[in-house]
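Here the structure is laid out as structure tokens; the discussion comes afterwards.
Rendered as structure tokens:
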């Protein structure tokens, strides 16, 4: 139920009251910040939002904060609400991520992330392609050969269709020159437990997820990692990238923060400054290390450019799949 | 370190006075959210996750374990007393439990549920301590084809709750299957029956249908009939406590329920509902008093409640041995581990053995705490039945509304709740059984997804269901379960004729 439903956190009662008061941005910066999380408590966006909240308060970057959770449909229930309720509010932050890009396209949401002000990409997780330990496949090259030889016989376990896992599988298949309609992609939900079980039980040929989800099983030797979706080697992760193995595919399950629509330039700049100050704190670095998030900080305009690319790549895959027009 | 010495160390860690207070807090809170329709343990634990910033891991897991088992128990209490299951796994308990309560046997029903929970929890925690590595290997052998066969077997249980009219029962089942189809299809990503509404993309929450059909439907039904026919509810008749016969009929059901619940709970796609369905079916078939089913058979409470609780312990098998979360609650617990900088995986038992054993011990302490809390309260709970019906059901309606709004803060869900409630009213009015709706809604999507996964993996080869030994065994069991009772009845009939 948790991942399907939205919820108003206990602290959120006053969120609506402060919204739209239009406090002058420059005069008293961030006495109070409203964090809007378009996912249910306990999920990835929620934990990101709560960690941001914790770090901001602990370091005196904001005095108080309110958290609102509105989950469901990959964040596309929360997004329109945020746009309506927080229009022009310089103290509001919206948590979003790669999953929402796909969900907006497939759900044909009338609003999109382009209406918001990109503040910063904060963290990200690279995707990993694994095979069960018992699999005869040892390298990415062998995997690609197998895929070209008989695409249907290669079964992939991953998350919901249109999500980062699925897009990654499709990008690999495209690189192999295999039509996407012929993929045997098996979608699982429920926190990745069932997908993992099918891999550990050696029931599928390959699996896809974020590195964090597989890390312990890879270390234990239960799964063999063939490639990671990072553009270049990631320190402390001993997995070769797809790019260095001659397959030009990169993707990141990023998470970041956005400001409300129709902010003045100075107001957006203040939010970017806040995010920049936050990622430099010791507490933030500590949290990244504990939670195994990789630092993918990218502020303001650079984030906007990245987002545009991500949307285009996602849309093209989804169009090939028939999930987008 | 051996399992037993590990477990004893775990108890030593968990049994501090402060931790017992945390356990009390957790079980009490859990019981409350279980009583409140809608709010579930996953959401409550998620909201309490910031607790992990403040207290040591043992205390946090003790609270979470308490909430987990407490909410299961609270859900059964409302099911029995006022026919209002707070969660989908307790609908089966409402079937017999509420019938018992209406006949003045609410006390024994609550007692068998409380003791059954305790017995099953104990068996579950013991199996978790001793058998987890074995059970998990079996669980991993289950492929989608086998899960599909398991769902087919579970569908057989519908036969036990169809009521008097086959046609009406199947119509209810069909409605449930239809409701289960709403939302984005997991395999293709295409929306089905959403009519362009964003609110329906995630599908219809089973909880809303459970609360709507039972709590709202029941309230409307009683309101409509209040003036014409007085519903006779006997608060207490005979002993408040279980009689010798109750004990004799309960204990086997507890044990059977526990051994159905634990392995299914340990399966990555097992869940807590399926074991309660299967246990109910088994109890009805094995009972010496099958005619009492539907009118308050105590085995029908004892078995499913035990199955529910043992499944709750089973969920920890994949979580603690492999780091795989298989339910929403387990997923939230996993993020609690991560808050302490621990990444649960196959090494959890070796690298953080103390924490694992503390968690297991705290589950056990939660179980004992629940028994201690709830048995003396049975007398108090039963007093609820003395509240005049209009006030009682007014209160239920209020809690159902608040609870549903609490899950999602969505007005759409409230409208849905009352629409389903209205449907539930008419179903009661025209004698359609409501349980098949829930069973269809839970099993339908599971069966469909597993079937299509199996088909993708076998590249469309249907024979996969017959060539896999597990799948074949389960399908054969399903055929036997369906065909044996009529065949036996036919033989008995023949013999009766011959001897006459």
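Residue numbers (my numbering), protein chains in the order written: chain A, 1 to 325; chain B, 1 to 500. Here a beta-carbon is modelled for each residue, glycine too, at the ideal position from N, C-alpha and C. Quick caveat, the model's predicted, so the values are computed rather than measured.
Just grab the DSSP bridge partners of residue i for me.
{"i": "residue 273 of chain B", "result": "The partner list for residue 273 of chain B (beta bridge, DSSP) is empty, contrary to what the question assumes."}
{"i": "residue 69 of chain A", "result": "A:37"}
{"i": "residue 161 of chain A", "result": "Paired residue(s): none; residue 161 of chain A is not in a bridge."}
{"i": "residue 254 of chain A", "result": "A:124"}
{"i": "residue 224 of chain A", "result": "A:131"}
{"i": "residue 295 of chain A", "result": "A:123"}
{"i": "residue 206 of chain A", "result": "A:156"}
{"i": "residue 32 of chain A", "result": "A:64"}
{"i": "residue 241 of chain A", "result": "A:228"}
Could you give the DSSP three-state label for residue i: helix, strand or coil?
{"i": "residue 105 of chain B", "result": "strand"}
{"i": "residue 36 of chain B", "result": "coil"}
{"i": "residue 26 of chain A", "result": "Note that residue 26 of chain A has pLDDT 41, beneath the 50 cutoff, so the model's placement of it is unreliable and the number below is only indicative. Looking at residue 26 of chain A - three-state DSSP - the assignment turns out to be coil, as it is neither helix nor strand."}
{"i": "residue 364 of chain B", "result": "helix"}
{"i": "residue 430 of chain B", "result": "coil"}
{"i": "residue 188 of chain A", "result": "coil"}
{"i": "residue 359 of chain B", "result": "helix"}
{"i": "residue 438 of chain B", "result": "helix"}
{"i": "residue 386 of chain B", "result": "helix"}
{"i": "residue 459 of chain B", "result": "coil"}
{"i": "residue 284 of chain A", "result": "helix"}
{"i": "residue 71 of chain B", "result": "helix"}
{"i": "residue 243 of chain B", "result": "coil"}
{"i": "residue 8 of chain A", "result": "Bear in mind that the predicted position of residue 8 of chain A carries a pLDDT of just 37, short of 50, making it unreliable; the figure below should be weighed with that in mind. Three-state DSSP puts residue 8 of chain A in coil, outside helix and strand."}
{"i": "residue 266 of chain A", "result": "helix"}
{"i": "residue 259 of chain A", "result": "strand"}
{"i": "residue 310 of chain A", "result": "helix"}
{"i": "residue 21 of chain A", "result": "Low confidence applies here, because residue 21 of chain A scores a pLDDT of 39, under 50, leaving its location unreliable; read the following figure in that light. In the structure shown, residue 21 of chain A sits in coil (DSSP, three-state: anything other than H, G, I, E or B)."}
{"i": "residue 233 of chain A", "result": "coil"}
{"i": "residue 59 of chain A", "result": "coil"}
{"i": "residue 268 of chain B", "result": "coil"}
{"i": "residue 248 of chain A", "result": "coil"}
{"i": "residue 227 of chain B", "result": "coil"}
{"i": "residue 275 of chain A", "result": "helix"}
{"i": "residue 151 of chain A", "result": "helix"}
{"i": "residue 501 of chain B", "result": "Nothing about residue 501 of chain B can be reported from this structure: the residues present for chain B run from 1 to 500 only."}
*Is the region 143 to 163 of chain B in contact with the region 122 to 130 of chain A, if contact means three or more CB pairs nearer than 8 Å?*
no
*Mind pulling the beta strand (DSSP E) runs of 3 or more residues that sit fully within the region 138 to 225 of chain B?*
none
*Say whether the region 104 to 113 of chain B touches the region 432 to 450 of chain B, bearing in mind that this needs 3 or more beta-carbon pairs closer than 8 Å, one atom from each stretch.*
no
*asked:* Residues of the region 189 to 220 of chain A in Cβ contact with chain B at a cutoff of 8 Å, in chain order, please.
replied: 189, 190, 191, 192, 193, 194, 196, 197, 198, 200, 201, 203, 204, 212, 215, 216, 217, 219, 220
_Quick check for students: name the residue ranges of the alpha helix (DSSP H) that lie wholly in the region 73 to 149 of chain A, counting only runs of 4 or more._
78 to 85, 98 to 106, 140 to 149
*List in chain order: all unbroken alpha helix (DSSP H) runs of 4+ residues lying wholly within the region 277 to 343 of chain B.*
299 to 314, 316 to 322, 328 to 339
*Between the region 121 to 133 of chain B and the region 311 to 320 of chain B, do at least 3 Cβ pairs fall closer than 8 Å?*
yes
*Should the region 87 to 102 of chain A be called in touch with the region 232 to 247 of chain A, which here means at least 3 C-beta pairs below 8 Å?*
no
_At least 3 beta-carbon pairs within less than 8 Å: the region 160 to 179 of chain A vs the region 301 to 311 of chain B_ = no
*Proximal residues, the region 74 to 104 of chain A versus chain B, C-beta separation under 7 Å*: 76, 77
*Answer yes if the region 363 to 372 of chain B comes into contact with the region 64 to 84 of chain B, meaning at least three C-beta pairs across the two stretches below 8 Å, and no otherwise.*
yes
*Of all the residues that make up the region 289 to 301 of chain A, which are near chain B by a beta-carbon distance shorter than 8 Å?*
290, 291, 292
_Short of 8 Å Cβ to Cβ, which residues in the region 131 to 160 of chain A face chain B?_
152, 153, 155, 160
_Within 7 Å of chain A by C-beta, residues of the region 278 to 309 of chain B in sequence order_ = none
*Name the residues in the region 94 to 108 of chain B whose C-beta lies less than 9 Å from a C-beta of chain A; which are they?*
none
_Given 8 Å, three or more beta-carbon pairs between the region 215 to 226 of chain A and the region 131 to 150 of chain A_ = yes
_4-residue-minimum alpha helix (DSSP H) runs that sit fully inside the region 55 to 100 of chain B, ordered along the chain_ = 57 to 82
*asked:* I want to know whether the region 294 to 309 of chain B touches the region 92 to 103 of chain B - three or more CB-CB distances under 8 Å.
replied: yes
*Any contact of the region 195 to 208 of chain B with the region 375 to 390 of chain B, i.e. 3+ C-beta pairs under 8 Å?*
no
_Segment contact, 8 Å Cβ cut-off, at least three pairs: the region 30 to 45 of chain A with the region 56 to 71 of chain A_ = yes
*Which residue spans inside the region 12 to 36 of chain B form an unbroken alpha helix (DSSP H) run of at least 4?*
17 to 35
*Scan the region 183 to 199 of chain B for residues whose Cβ lies nearer than 9 Å to a Cβ of chain A and list them as they occur along the chain.*
183, 184, 185, 186, 187, 188, 189, 190, 191, 196, 198, 199
*asked:* Count Cβ pairs between the region 438 to 447 of chain B and the region 269 to 277 of chain B that sit closer than 8 Å; are there 3 or more?
replied: yes
*Give a yes or no on contact between the region 131 to 148 of chain B and the region 255 to 270 of chain B, applying the rule of three or more CB pairs nearer than 8 Å.*
yes
*Select from the region 307 to 332 of chain B all residues with a C-beta closer than 7 Å to any C-beta belonging to chain A, and list them in chain order.*
318, 322, 323, 324, 325, 326, 328, 331, 332
*asked:* Does the region 206 to 226 of chain B come into contact with the region 395 to 409 of chain B, if we say contact requires no fewer than three beta-carbon pairs (one atom in each stretch) closer than 8 Å?
replied: yes
*Taking contact to mean at least 3 C-beta pairs separated by less than 8 Å, is the region 83 to 95 of chain B in contact with the region 327 to 343 of chain B?*
no
*Any 3 or more C-beta pairs closer than 8 Å across the region 30 to 38 of chain B and the region 73 to 80 of chain B*: yes
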